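The opening residue of the sequence shown carries number 49 in the numbering used here; numbering runs sequentially from there.
Ideal Cβ placement from N, Cα and C applies to all residues, glycine included.
Computed from a predicted model, the values in this text were never measured in an experiment.
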Amino acid sequence: MVKAKYRVLDVLKQLVADNETNISTEMVATAAKITRGVTSAYLSQLHKEGLVRKYGTKPVYWKLQRRTDIFDHFIGAGGSLRQAIIAAKSAIDYPPHGFPLMITGPSGVGKSYLASLIFKYAQSNLVINQKAKFVTLNCADYANNAELLSSVLFGYRKGAFTGAIQDTNGLVDQADGGYLFLDEIHRLPIESQEKLFTLLDTGTFYPLGENQQAHHVQVRFIFATTEDLDNYLLQTFRRRIPLTIQLASFAERPLLEKYQLILHFFYQESQAVQKNLLIPYQVLKKIAAGPVAGNIGSIHNQVKLMVAAAYRKQATSNQIVVAAKQTNDLQLTVSYQKSENFDQILATQTQAGIDQVFSQLLFNERQETPVADQVLILRGYLHDVERSIQNFQLNMQVVTVMEARLKVALRQFKHRYGVPVNVNASSVTATAQLLATMLSGTQVIKQAPELQQLINQHYPRTAYLAKQIAQTLSEQSLPIAVVEVPVLFLILAPYLKQIERIKMLAILVSHGETMASSIQSVANNLCGTYIFESFNMPIDVSVKEISQRINNFVSEQTMTYQGTVLMFDMGSLSQMYKEIKPLLASDLLVINNLTTATALDIGLQMQHGDFKQLVQKAESYRNAIQVQYYEGLSQKQNIIVSCMSGVGLSNEIKRIMKQTLQTDTDIITMDYKDLKHTLTSHGHEYFKNTYLILTTTDIVQAKVTPIVNIYDIMDAVGEQRLQAVLSRIGEQKRDIDALMEKLLQFFTIEGISSRLQFLNPRIVIKEVQGITKKYEDYYHLSLSGKIKLNLYMHISLMLERMLVSNHNDSTQSLATPQKRSTQKAEFYSITKNIFHDVEIKYNIVVNDYEISLMYELLRDFLN
């Protein structure tokens, strides 16, 4: 399997072979059947890798890069060591004769190999003569004999020492015109360092025993060491070396490069045994994660021993399986008959992972598994991808392009269909990463057609919307059926139940270029979900043409609706009904009065009741009026009680306060959402008669008046604050003490249970404890008794409140979506899964507003 960027390279090669000139990005995109943005990202990646070159500005044209790069053989040259290799090339090419460089790093990281590649690069680029030599010396071999080292390095004259029977050239002379590589340079004695920096300055030196005739050479130097240079080398010597390249240890290498190094050694061993190797992915992971004492050399030995052990047992087999294969573990194939290709080997895991996740999604849809489980499968896959090699295989430029285009598509979708998707949510990035992952391999996912068919059956309205997003995205290289899956499960899943609860079909038809779609946008957004589809028709359109458009739309629907509502702006009512009714398998209501107000009224009514009720109320419009005759919240001194868990708890606290307090203070209960809105939209004057606000959570809005968390009064500081405020309004100490006693008595588990009028306290408390335990397990929390008491009360009363007041009604949800942080987005998603079983049991929906309240209770503990 070839990665997508290399398929783009193949397309460019074909265009060049076809004698095409001035090949633009658009031409490559058309030939590759990939969108222009993605093609541009791949071409930019290929350009960085030195495989293509570009010229021109607007437009940019592309050519193949004919020259090969010796450094391509050095793993990491295009990754973590890219800047180091660029610097090395500068050292080689710098006129007139380059400059010396130092390579540092632990033993076994490839310093000698890199030095040899620098020499070969200089040869291949004609910087030095093809016959020039690469001479090496390990200074450690002569560390205890400075005079011998000097003679080996600089040569000597006859009679310079006992046994010097003739003039002998040293390594410096041998390297003339080429490279001299001095390894373990920290073992070079000071005397030799002094001679060496003179050579670096002047290009001249004196052999041992020579003091009259200096030798002149043109040598390029590469030095290497494992030690701290400041502790061993003279500063005068160090200043002659302008470039130092640091090679990281194996443990410090990026994960992708670790895998490439390991696979490189497996490839070498496959060549040695002349057999293909099958390597379980877990083996690759284990080697990459394990402790490494001798760096890359020890990794090679480890691989060699593993292959040797497997070969001993399987010598007669056509291929060798390295180590034991785990159940369902992916196997990577290293072929000795093919050239070394890491991308091809590693890409097999990407495709296998996608196939596996689509197979699991398909199996679950066959079993009609809840959508929450499907979301967890995709999120779990992406969670694993972030921590595996697949993440490093991703072309992040393609992810960026895909995410940008997805956000554009979602903004258009949100504007038209009113589903409050957050275009900046982590799920959008995750979807882009998944689509980019699928682009990097083959786009043939055999499970996709059946999976799409089942999704259409189980979530017909949401599947229709997912298709609209996929079509707007226009990713030609990925089938619509493939794109729909992550869009539905990762982006639309939080809104799925609200979308699917609409059992009627609603169509808006209007003459003009934008009239119907404009009304659709306003009505859907004010309803907070997908109600209407719209068709903008030309002024001179016939009824038959309208019916054909509607017929095409109806044929896309995969569910039987209770009824269909058709609203249009002008024309014959009876003729329209006569044309449309035969197309439908349900009742039809035609309304010849399309305005924003009527569409909104119909949309709101469609979220309640059935089709028959809608017909009866089709001409019923309601008006509402609000009256206020004084300025401010209240004309009397007052205390506001507002509990996040609802007005029931607020009223109970009000009752206790009325029983115990003696002053003529007005106790006002407010809905928590209304209180927060009031605090943000009014100034201090509005609360001039408010002495205290009692809540069940901390509010960080402007401090217009003292705000006390009811639960804080269980602590000494909170009790003192409450006593101070009540004393200021004239309450006696004995009455305040009585109030404290009543409140503390009320806020116990028994007190919570006594407030549950419909739910069985013993059962619901166990469920609430289980829910709290799931949060603790997921976030690794250990909540205090006070915090747990808060949660038990809130969740218990929330379930009762939603069950009794039918709070799962979509109109009760928080209408204004807010931008969420990554932490908050994760909390919303996890909460939907945690409450999944309870939602089914009680037939309720924990909507975004309720989740936001849970988040406010827990956010300080989530870090």
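Give the range of the alpha helix (DSSP H) segment to which Y876 is assigned. Element bounds for Y876: T870 to I882.
How long is the line joining the alpha carbons of G401 and A514, rounded to whole angstroms? Cα to Cα, the separation comes out at about 23 Å.
Those runs of the beta strand (DSSP E) which lie wholly inside the segment 550–598 and span at least 3 residues: Within the segment 550–598, the complete beta strand (DSSP E) runs of at least 3 residues fall at 552–559 and 580–585.
DSSP has P328 in a bridge; who is on the other side? DSSP lists Q379 as partners of P328.
Decide if Q62 is buried, meaning its Cβ has at least 16 other Cβ atoms within 10 Å, or exposed. It is exposed - the Cβ of Q62 has fewer than 16 other Cβ atoms within 10 Å.
Cβ pair G146, R288 closer than 9 Å: Not a contact, by the Cβ cut-off of 9 Å.
Which of helix, strand or coil does DSSP assign to N46? There is simply no residue 46 to check, as the chain begins at 49 and stops at 911 in what is shown.
Locate the beta strand (DSSP E) running through Y103, then write down its first and last residues. Where Y103 is concerned, the enclosing beta strand (DSSP E) stretches over V100 to Y103.
Are at least three pairs of beta-carbons, each pair with one atom in the segment 585–601 and one in the segment 615–635, less than 8 Å apart? At 8 Å Cβ cutoff, the stretches touch.
Cα separation between I213 and K206? CA-CA distance, I213 to K206, rounds to 5 Å.
What distance in whole Å lies between the Cβ atoms of I547 and S475, which are believed to be in contact at a cut-off of 8 Å? The pair is not a contact, with the Cβ atoms about 16 Å apart (cut-off 8 Å).
Beta strand (DSSP E) segment containing A272, residue limits: Start and end: R268 to T273.
3-residue-minimum beta strand (DSSP E) runs that sit fully inside the segment 279–303, ordered along the chain: For the segment 279–303, whole beta strand (DSSP E) runs of length 3 or above, ordered along the chain, are 291–294.
Quick check: what's the CA-CA separation for M486 versus S407? One C-alpha to the other measures close to 15 Å.
Here's a check: name, in chain order, each residue in its chain whose Cβ is nearer than 6 Å to the Cβ of A358, leaving out the five neighbours to either side. Sequence-distant partners of A358 (beyond 5 residues in either direction) whose C-beta falls short of 6 Å from its own C-beta, in its chain, are I368 and V370.
Do L424 and A478 come within 9 Å of each other at the CB atom, strictly closer than that value? Contact: no.
At least three beta-carbon pairs within less than 8 Å, the segment 169–182 to the segment 309–327: Contact fails: fewer than three Cβ-Cβ distances are below 8 Å.
Considering only their Cβ atoms, is the gap separating L228 from L236 smaller than 9 Å? Taking C-beta atoms as the reference points, L236 and L228 fail to come closer than 9 Å.
Compute the distance between the beta-carbons of V13 and Y384, then report whether it is under 9 Å. Nothing about residue 13 can be reported from this structure: the residues present for the chain run from 49 to 911 only.
Among I741, C691 and F580, which has the Cα closest to the Cα of T646? The shortest C-alpha separation from T646 is found at F580.
Between the beta-carbon of S698 and the beta-carbon of V689, is there less than 9 Å? Yes, Cβ-Cβ distance for S698 and V689 is below 9 Å.
In this structure, does DSSP put I650 in helix, strand or coil? Note: I650 maps to helix in three-state DSSP.
Considering only residues of the same chain and omitting the five flanking positions on each side of H884, which have a CB-CB separation below 8 Å? P418 and A420.
Assuming the contact rule is C-beta atoms closer than 8 Å, D658 and T708 should be a hit. Round their C-beta distance to whole Å, please. Between D658 and T708 the beta-carbon gap is near 50 Å, outside 8 Å, which marks them as no contact.
Which of helix, strand or coil does DSSP assign to M615? Note: M615 maps to strand in three-state DSSP.
Rounded to the nearest angstrom, what separates L502 and Y578 at their Cα positions? The straight-line gap separating the alpha-carbon atoms of L502 and Y578 is approximately 21 Å.
Nearest-angstrom Cα distance between Q685 and F461? One alpha carbon belongs to Q685, the other to F461, and they sit about 50 Å apart.
Is it true that the segment 115–129 meets the segment 267–286, where meeting means three or more beta-carbon pairs spaced less than 8 Å apart? With a cut-off of 8 Å on Cβ pairs, the segment 115–129 is not in contact with the segment 267–286, counting fewer than three such pairs.
Rounded separation between Y307 and L353 - CA only: Computed Cα separation, rounded: 18 Å.
For R907, which residues in the same chain have their Cβ closer than 7 Å to its Cβ, ignoring the five residues on either side in sequence? If we look at R907 and ignore the five residues flanking it on each side, it has no Cβ neighbours.
I'd like to confirm the pairing. Which residues does DSSP put opposite V689 in its beta bridges? Under DSSP, V689 forms a beta bridge with T717 and L742.
Using a threshold of 9 Å, state whether the C-beta atoms of D224 and P255 are closer than that. No, the Cβ-Cβ distance between D224 and P255 is not below 9 Å.
Taking all protein chains shown into account, do 16 or more other C-beta atoms lie within 10 angstroms of the C-beta of F616, making it buried, or fewer, making it exposed? With 16 or more other Cβ atoms from the protein chains shown falling within 10 Å of its own Cβ, F616 counts as buried.
Spatial neighbours of L787 within its chain, please: CB distance less than 6 Å, with the 5 preceding and 5 following residues excluded, ordered by chain position. Correct list, in chain order: T708.
Do you know offhand how far Q768's Cα is from D760's? Roughly 10 Å between the two C-alpha positions.
Would you kindly check if the distance between the Cβ of A194 and the Cβ of S240 is under 9 Å? Remark: C-beta atoms of S240 and A194 approach each other more closely than 9 Å.
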